[in-house]
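A.B. asks: With numbering that gives the first Met the number 0, letter number 85 in the sequence shown gets 84, and the count goes up by one each step, no holes.
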Amino acid sequence: MEISVQNPRTIFENGRAKYVAYQLSLKNCFPVLPLDDTDHVWRSYREFHLLRNILRQRHKNLCFKEKELTMDPTFRLFFQSDLSFEEILKFHHGHYAEDFIKNIWQTNGITRQLEQVEENNSIEENLISVGEAHHLLNK
């Protein structure tokens, strides 16, 4: 598996640099792994640390073997969807319906296309507020 981190962009809020986001590209060299190639995901450095902590918590007895990690749904959502990290945390804590996650894979991880897949549910119903994200991060 080849993962490249490239195209750093400084994200500004109110005229001040807030953080740097990086474009992630994933190339799956192992056909047995259920990962598609991607290049549309942007993540901050802080999100990498959060992912590492989740994976270490979930896989305590592993020495981070590649196959086990790439099969983890949190890993897949991080590298293959445009969900925010707060939304990924919400999934990790069981706040999404299974159908919502299945639909993410049907749209190749691009949640902007979910409206076409889920005509009866709006994306807003599946998002969390900043306050909820802060609560989840501080558990």
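Ideal Cβ positions, reconstructed from N, Cα and C, are used throughout, including at glycine.
Let me check understanding here. Comparing Cα to Cα, which of Y44, N13 and K26 lies closest to P139?
C.D. replies: With the chain covering only 0 through 138, there is no way to say anything about residue 139.
A.B. asks: Since V4 and Y21 should fall inside the 8 Å C-beta cutoff, what is the C-beta to C-beta distance between them, to a whole number of angstroms?
C.D. replies: 5 Å
A.B. asks: Based on Cα-Cα distance, which residue from L54, A16 and I10 lies nearest to L88?
C.D. replies: L54
A.B. asks: Measure the beta-carbon distance from F90 to I100 and round it to whole angstroms, keeping in mind my assumption that it falls under 8 Å.
C.D. replies: 7 Å
A.B. asks: Go ahead and pull the three-state DSSP assignment for K17.
C.D. replies: strand
A.B. asks: Starting from L82, follow its DSSP beta bridges and name the residues at the other end.
C.D. replies: Answer by DSSP bridge pairing: none, since L82 is not bridged.
A.B. asks: On the DSSP letters alone, give me the boundaries of the alpha helix (DSSP H) that N52 sits inside.
C.D. replies: Y44 to R57
A.B. asks: Between R42 and F77, which are expected to be in contact by the criterion C-beta below 8 Å, what is the C-beta distance as a whole number of angstroms?
C.D. replies: So it is a contact: roughly 7 Å between Cβ atoms.
A.B. asks: Which same chain residues end up closer than 6 Å to L50 when comparing Cβ atoms and leaving out the 5 residues on each side of it in sequence?
C.D. replies: F77
A.B. asks: According to DSSP, T73 sits in a beta bridge with which residue or residues?
C.D. replies: Paired residues: none, contrary to the question.
A.B. asks: Of all the options K59, I2, D71 and P72, which has the alpha carbon lying nearest to the alpha carbon of C28?
C.D. replies: I2
A.B. asks: Given this structure, state the Cα-to-Cα distance separating G14 from S80, to the nearest angstrom.
C.D. replies: Straight-line spacing of the CA atoms in G14 and S80 works out to 28 Å.
A.B. asks: From which residue to which residue does the beta strand (DSSP E) around T9 run?
C.D. replies: E1 to E12
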